[in-house]
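Heads up, the thing below is written out as structure tokens.
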Amino acid sequence: MDDSSSPDCLFCKIAAGLIPTRFVYEDDTVVAFPDISPVSPLHYLVIPKQHFTSIIEVPVEVMGRVHQAILQIVAKEGLSTKGFRLVNNSGSDGGQVVAHVHWHLLAGRKHTWPPG
Ligand code: 5GP
Ligand code: ZN
Numbered sequence: 015m016d017d018s019s020s021p022d023c024l025f026c027k028i029a030a031g032l033i034p035t036r037f038v039y040e041d042d043t044v045v046a047f048p049d050i051s052p053v054s055p056l057h058y059l060v061i062p063k064q065h066f067t068s069i070i071e072v073p074v075e076v077m078g079r080v081h082q083a084i085l086q087i088v089a090k091e092g093l094s095t096k097g098f099r100l101v102n103n104s105g106s107d108g109g110q111v112v113a114h115v116h117w118h119l120l121a122g123r124k125h126t127w128p129p130g
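Be aware that the sequence shown starts at 15, since it is given in my numbering, and climbs by one per residue.
Here's what the structure looks like:
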């Protein structure tokens with residue numbers, strides 16, 4: 015892990031390869047991997063490798079790189095026609111459990127609204 019990592023952070027450890035995880039996408043800034051408890055047939059977590067607790071802390075340049083990564087995953091998985099859901103939970107009211115910013119990419123079924 016580099017200096018920007020948070021030593022007790024689960025997703026920092028995953029990004030650093032310290033916890034064996036299948037990456038479905040990786041570049042120098044972003045990594046994506048399947049959620050351990052999927053709620054949809056496709057459920058990936060997309061994260062910046064650098065530790066940010068929530069979206070409030072993420073610089074716009076990194077947001078752009080996350081967006082770019084999501085577009086590549088959407089293309090690779092063929093999701094653009096049927097669609098998908100992209101979710102970011104922030105803080106306790108947002109339902110965030112893991113304190114390393116992440117986006118849930120959900121696909122492969124119809125998703126309803128509103129969420130719980
Ligand atoms: P949050 O509620 O913070 O938005 O979502 C955290 C997500 O991380 C949950 O969907 C949960 O299943 C997932 N998760 C928790 N621990 C692990 C883990 O060790 N590996 C993976 N791949 N996902 C995890
Ligand atoms: Zn982290």
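Ideal placement from N, C-alpha and C gives every residue a C-beta, glycine not left out.
C-beta contact flag for Ile69 and Phe25 at 7 Å: no
Nearest to Thr43 (by Cα), restricted to the options Ser94, Gly122, Arg79, Gln86: Arg79
Gln110 CB to nearest heavy atom of the ligand 5GP below 6 Å: yes
Inter-residue spacing [alpha-carbon to alpha-carbon] between Val111 and Ala30: 20 Å
Counted within 10 angstroms of its Cβ, other Cβ atoms place Gln82 as buried (16 or more) or exposed: exposed
Inter-residue CB distance, Val115 and Val72 (contact presumed, cutoff 8 Å): 6 Å
Buried versus exposed call for Trp6 [16 or more other C-beta atoms within 10 Å across all chains shown]: Because the chain spans 15 through 130 in this model, residue 6 falls outside it and cannot be assessed.
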